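Student:
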Amino acid sequence: MRIFLTLLLLSLTTPVLAQTPQISVSGRGEVAVAPDIARITLGVVAESKAATEAMDLMGADLAQVMAGLTTAGVAPEDMQTSGLNLDLIRNYDDNRDTPRIVGYIARSDVAVTIRDLDALGAVLDTLIEGGANQMTGLQFDVADRAPHLTAARQAAVADARAKADTFATAAGLTLGAVQQMSEATQRGQPMPMMEMRMAADSGPVPVAQGQIVISADVAITYALD
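Heads up, the sequence shown is in the numbering used here, so the first residue is 53 and it goes up one at a time.
(1) So what does DSSP say about residue 188, is it helix, strand or coil?
(2) Opposite residue 80 in the DSSP bridges: which residues?
(3) First and last residue of the alpha helix (DSSP H) that includes residue 120?
(4) Mind pulling the alpha helix (DSSP H) runs of 4 or more residues that sit fully within the stretch 156-213?
(5) Report the three-state DSSP secondary structure of residue 218 (helix, strand or coil).
(6) When the Cα of residue 128 is compared with those of 166, 84 and 234, which residue comes out closest?
(7) In the structure shown, what three-state DSSP assignment does residue 88 receive?
(8) Would DSSP call residue 277 helix, strand or coil?
(9) Classify residue 161: buried if its beta carbon has 16 or more other beta carbons within 10 angstroms, exposed otherwise.
(10) Give me the Cβ distance between residue 163 and residue 91, rounded to the nearest whole Å; I'm assuming they're in contact under 8 Å.
(11) Given a cut-off of 7 Å on the beta-carbon distance, is the pair residue 44 and residue 138 in contact?
(12) I'd like the span of the beta strand (DSSP E) that includes residue 150, first residue to last.
(13) Apart from the five residues just before and just after residue 144, which ones in its own chain have a Cβ nearer than 6 Å to its Cβ?
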């Protein structure tokens with residue numbers, strides 16, 4: 053009983069600590085920069101009634117495309133083949149229960165990084181002439197994102213600080229020290245993208261480089277005085 057009364061008296065006499073008022077805000081920073089590289093994803097596709105012939109035709113076109121890239125000055129480390137597919141061509145036009153196999157489609161994809169954007173149009177022409185007959189993507193980027201991402205992060209913190217200061221002033225309070233700070237999960241950065249099918253008679257390929265936006269998001273909690 054004595055112990056219980058002692059604990060009760062302590063709980064009655066111990067002051068309740070007031071929680072420090074806080075404010076949580078988010079900030080976003082964006083930096084628009086001119087791209088200095090382009091990433092192309094293209095496909096080499098061949099059809100034939102025989103699987104081996106389809107693969108041979110595709111392989112010959114792919115070798116010609118790779119040779120054309122080398123002639124255009126693309127370094128070996130900037131070329132990478134990915135995916136090797138052989139699909140069936142089925143005929144669904146008759147009344148049979150099971151579709152009839154009438155041929156094969158062989159495909160291989162190539163990812164290419166172009167570091168001389170002035171030569172991008174000429175490289176695309178070379179790819180078309182070399183046998184590339186599908187192009188699934190063209191993305192512009194910068195080779196070194198680090199300094200631009202740093203600038204975007206600094207802008208994000210400044211944006212969050214300005215918001216917090218506005219709210220604090222409106223409430224008649226003073227912005228205090230940072231209590232917590234975290235960077236939001238980086239999302240895929242928006243880049244100009246083009247999807248197209250390439251034809252041998254397409255002629256010179258016009259390319260607009262534009263700008264890309266590198267962004268950063270931050271969440272900050274400040275104390276309020």
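Ideal placement from N, C-alpha and C gives every residue a C-beta, glycine not left out.
Given the structure is predicted, the values throughout are model-derived calculations rather than measurements.
Tutor: According to the data block:
(1) Along the sequence shown, one-based indexing puts residue 188 at 136. Strand, per DSSP.
(2) Stepping through the sequence shown from its first residue, residue 80 is reached at position 28. Its beta-bridge partners are 269.
(3) Counting from 1 along the sequence shown, the entry for residue 120 is found at position 68. Annotation for residue 120: the continuous alpha helix (DSSP H) segment containing it runs 103-123.
(4) Within the stretch 156-213, the complete alpha helix (DSSP H) runs of at least 4 residues are 172-182.
(5) Stepping through the sequence shown from its first residue, residue 218 is reached at position 166. Of the three classes helix, strand and coil, the one that applies to residue 218 here is helix, per DSSP.
(6) In the sequence shown, counting from the first residue as 1, residue 128 sits at position 76. Taking each of 166, 84 and 234 in turn and checking the Cα distance to residue 128, the smallest one comes out for 166.
(7) Position 36 of the sequence shown, counted from the start, is the residue given in the question as residue 88. Three-state result, residue 88: coil.
(8) Residue 277 sits at position 225 when you count from the first residue of the sequence shown. In the structure shown, residue 277 sits in coil (DSSP, three-state: anything other than H, G, I, E or B).
(9) Start at 1 with the first residue of the sequence shown, and residue 161 comes out as number 109. It is buried - the Cβ of residue 161 has at least 16 other Cβ atoms within 10 Å.
(10) The residue you call residue 163 lines up with position 111 of the sequence shown. The residue you call residue 91 lines up with position 39 of the sequence shown. Yes, residue 163 and residue 91 are in contact; Cβ-Cβ is about 7 Å, under 8 Å.
(11) Past the boundaries of the shown model lies residue 44; the chain is included only from 53 to 277, so the question cannot be answered.
(12) Reading the sequence shown from its first residue, position 98 is the one you call residue 150. Counting along the chain, residue 150 falls outside any beta strand (DSSP E), and DSSP gives it neither H nor E.
(13) Translated into the one-based positions of the sequence shown, residue 144 becomes position 92. So the list reads 151, once near-sequence residues are dropped.
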